[in-house]
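Chemist: Mind looking over this structure? Questions follow.
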Amino acid sequence: MDTIDTLEIARYIQELFTEKIPPAMTYHNLIHTEQVVNQAIIIGTKSGLNGRELDLVIAAAWFHDSGYTASLTDHEKESGRIAQEYLSSKGVRQDDIDRVLRCIDATRMPQDPGDDLLSKVLCDADMSYLAEDLYIDRTMYLWKEWNTVNRRDMSKCDYIRDTLDWFKSHSFHTEYGRQFLTPGKEENFRRLQELLGKLEGKSLSKAEKQKGEGKKNQNKEEQDLLPGRGVESMFRLTARNQINLSSIADNKANILISVNSILLTVLLTVGVTKIADYPRFILPVIALVSTSLVAMIFAILSTRPKISSGKFTKEDLKNQKVNLLFFGNFYKMSFEEYENAVKEMIMNSNYLYTNMIRDQYSLGLVISKKYRLLRTAYSLFMYGLILSTALFALVLFFK
């Protein structure tokens, strides 16, 4: 097998995490893995990786934390084992598997990608959260996970101090990471320092005012300091992941459309003029033309946009049946109507979250349809090529 099916790997890892990831993994979970995959695509593309190299990095990104489903210690080794077993079962060449395993092992802390560009891309993708706007929330999940898994009781202040020290020793490995991720990382370093100052101030104040309060108030304080924007983070990460998946599908459709356009152009301009001289090739040519045409039609269908009515009624708004976050539901309305509807939604938090959930679900349905059509297009193209080649071979053999 010369290619790696990253979509099949994605489904495999999603099922694996859903079934086997321990509840204690509040950071190293499917959300983190999907984010690393998305960043690997971005950084790999910007770093000039070709299609085959990018697929290898994407595969490594999906597998890099899969070891947590089997062991909470030395997860890189388990991740490598899982990747080896899965890719071998799919007939992937061993040299490609070795490159994937090298990338996974490079993420072991402290990271050491060496001179391997693919490993550098995965390492930077794994650490890209350091530059995120939501870094503070995400690192708090890491703190909670670290305490739970290691059965420790490290305070938030101590955790942030250690993290600040680690920030100073870390650096991104790719040119893209150094240029575009470092500024965000430096801003988060400043935010961590501010948070540490606030927490130390609170600790001093509590020590003076509540010396006899005991552990009950301490536990309540730590609970209150847990991330308060977890729901928003979930929606934001999910939306980003789905948009990236939609973009990947569109790119694959464009590749198929371009290839078949060229193939049809050559067949119709050159083949038609020559077919009179070689009538025995009519059937193979028809099969090849049909294959290209049908595959291209399915690829076009996967990218064809669908627009809804563009208006909703007051009854829909009253019954909370309309998604105000999707442009297709309001693009024919006046600004005043839409403004009033949005203000009403903002005043009702339940309605707001319902809209966000409905928007994510609708986007998921669109992506599912894209991939079904795209899979059909690629399957038709593959089997059509096999059939056409077989027909050409039969014509030549029975000449």
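Numbering (this note's numbering), first residue to last: -9 to 389.
Think of the CB as a built atom: it goes at the ideal place given N, C-alpha and C, for glycine as much as any other residue.
1) Report back the beta-carbon spacing between S56 and I3 to the nearest angstrom; my notes put them in contact at under 8 angstroms.
2) Measuring CA to CA, which of F53, V256 and Y149 is closest to R92?
3) For G41, does the count of other Cβ atoms within 10 angstroms reach 16, so buried, or fall short, so exposed?
4) Could you tell me how far apart the beta carbons of A243 and L364 are, in whole angstroms, since I believe they sit closer than 8 angstroms?
5) With a threshold of 8 angstroms, are at least 3 pairs of Cβ atoms found where one atom belongs to the region 75 to 94 and the other to the region 139 to 147?
6) Scan the region 139 to 174 and note each continuous alpha helix (DSSP H) run of 4 residues or more that stays entirely inside, going in chain order.
7) Counting C-beta neighbours from all protein chains within 10 Å, is the total for F371 16 or more, i.e. buried, or is it exposed?
8) In whole angstroms, what is the alpha-carbon distance linking T172 and Y166?
9) Count the CB pairs spanning the region 236 to 255 and the region 288 to 295 that are closer than 8 angstroms, and state whether there are at least three.
10) Buried or exposed: which applies to P13, given that a residue is buried once 16 or more other Cβ atoms fall within 10 Å of its Cβ?
11) Straight-line CA distance for D114 to S358?
12) Under a three-way DSSP split, which group does G41 fall into?
13) Report all residues from its chain with a CB closer than 6 angstroms to the CB of L278; omit the five preceding and five following residues, and keep chain order.
14) Expressed to the nearest angstrom, what Euclidean distance is found between the alpha-carbon atoms of L124 and D88?
15) Take I31 as the anchor and find which of L46, N19, H18 and A367 has the nearest alpha-carbon.
16) Is it the case that the Cβ atoms of D95 and E68 are separated by a distance below 8 angstroms?
17) Count the other CB atoms within 10 Å of the CB of G374; is the residue buried (16 or more) or exposed (fewer)?
18) Using the C-alpha atoms, what's the distance from K110 back to A1?
19) If we call anything under 8 angstroms between Cβ atoms a contact, is Y361 one with A239?
20) Does the Cβ of S251 have 16 or more other Cβ atoms within 10 Å, making it buried, or fewer, making it exposed?
21) On the criterion of 16 or more Cβ atoms from any shown chain inside 10 Å, does S61 qualify as buried, or is it exposed?
22) Helix, strand or coil for Y17? Go by DSSP, reduced to three states.
23) According to DSSP, is Q101 part of a helix, a strand, or is it coil?
24) Hey, how far is the Cα of E176 from the Cα of I126?
25) Can you check which of these residues, I11, M15, V26 and H18, is closest to T59 by C-alpha distance?
26) Using the three-state DSSP reduction, which class does Q213 fall into: helix, strand or coil?
27) So L77 and V90 are supposed to be a Cβ contact under 8 angstroms. How far apart are they, rounded?
28) For my contact list, H160 and M117 are in at a C-beta cut-off of 8 angstroms; report their separation, rounded to the angstrom.
29) Which of the three DSSP states is assigned to P274 in this structure?
30) By how many angstroms is the C-alpha of N137 removed from the C-alpha of P217?
31) Say the cut is 7 angstroms; is the CB of S324 nearer than that to a heavy atom of the ligand NAP?
32) Going along the chain, which residues of its own chain have a beta-carbon closer than 6 angstroms to the beta-carbon of E(-2), five neighbours each way excluded?
33) Residues in the same chain with beta-carbon distance under 7 angstroms from D102, minus the five sequence neighbours each way, listed in chain order, please.
34) Can you have a look at Q29 and say buried or exposed, based on whether 16 or more other CB atoms are within 10 angstroms of its CB?
35) Report the option in T228, D152, S236 and F271 whose CA atom is closest to the CA atom of R348.
36) Contact check, V26 vs A49 under 8 angstroms by CB: the rounded distance?
Modeler: Per the coordinate set shown:
1) Contact annotation, S56 with I3: C-beta distance approximately 6 angstroms; criterion of less than 8 angstroms satisfied.
2) Restricting attention to F53, V256 and Y149, the CA atom closest to the CA of R92 is found in F53.
3) Exposed, by the Cβ-count rule.
4) With a beta-carbon spacing of about 6 angstroms, A243 and L364 fall inside the 8 angstroms limit used to define contacts.
5) Three or more beta-carbon pairs separated by less than 8 angstroms are not found between the region 75 to 94 and the region 139 to 147, which leaves the two stretches without contact.
6) Runs found: 146 to 159.
7) It counts as buried.
8) Cα atoms of T172 and Y166: separation of roughly 9 angstroms, rounded to the nearest angstrom.
9) Remark: three or more beta-carbon pairs, one from each stretch, lie closer than 8 angstroms, so the region 236 to 255 and the region 288 to 295 are flagged as touching.
10) With fewer than 16 other Cβ atoms within 10 Å, it is exposed.
11) Roughly 29 angstroms separates the two Cα atoms.
12) Three-state result, G41: helix.
13) Non-local C-beta neighbours of L278 in its own chain, meaning closer than 6 angstroms and more than five positions away in sequence, comprise S378, ordered along the chain.
14) Whole-angstrom Cα-Cα distance: 34 angstroms.
15) Nearest C-alpha to I31: L46.
16) Going by C-beta atoms, D95 is not nearer than 8 angstroms to E68.
17) Flag for G374 reads buried.
18) It is worth fixing the name first, because residue 1 is Arg in this sequence and not Ala. In this structure, the straight-line span from the alpha carbon of R1 to that of K110 is close to 25 angstroms.
19) Cβ atoms of Y361 and A239: closer than 8 angstroms.
20) Its Cβ having fewer than 16 others within 10 Å, S251 is exposed.
21) S61 should be labelled exposed.
22) Here Y17 sits in coil by DSSP.
23) Correct three-state label for Q101: coil.
24) Distance between the alpha carbons of E176 and I126 is about 13 angstroms.
25) With distances taken between Cα atoms, T59 lies closest to I11.
26) With a pLDDT of 48 at Q213, under the threshold of 50, the modelled position of this residue cannot be trusted, and the question is left open.
27) Contact flag correct, Cβ pair sits at about 7 angstroms.
28) Going by Cβ atoms, the distance from H160 to M117 rounds to 7 angstroms, so yes, they are a contact pair.
29) In the structure shown, P274 sits in a helix (DSSP, three-state: H, G or I).
30) Residue placement at P217 is flagged as unreliable, the pLDDT there being 44, under the threshold of 50; the coordinate-derived value follows with that caveat. Answer to the nearest angstrom: the Cα atoms are 15 angstroms apart.
31) Summarising the ligand content, the structure contains no ligands, and the ligand NAP is consequently not present.
32) Excluding five sequence positions before and after E(-2), none of the CB atoms of its chain fall closer than 6 angstroms to its own CB.
33) Result list for D102: A96, in chain order.
34) By the C-beta density criterion, Q29 is buried, having at least 16 other C-beta atoms within 10 angstroms.
35) It is T228 whose Cα lies nearest to the Cα of R348.
36) Incorrect: roughly 12 angstroms between the Cβ atoms, too far for contact.
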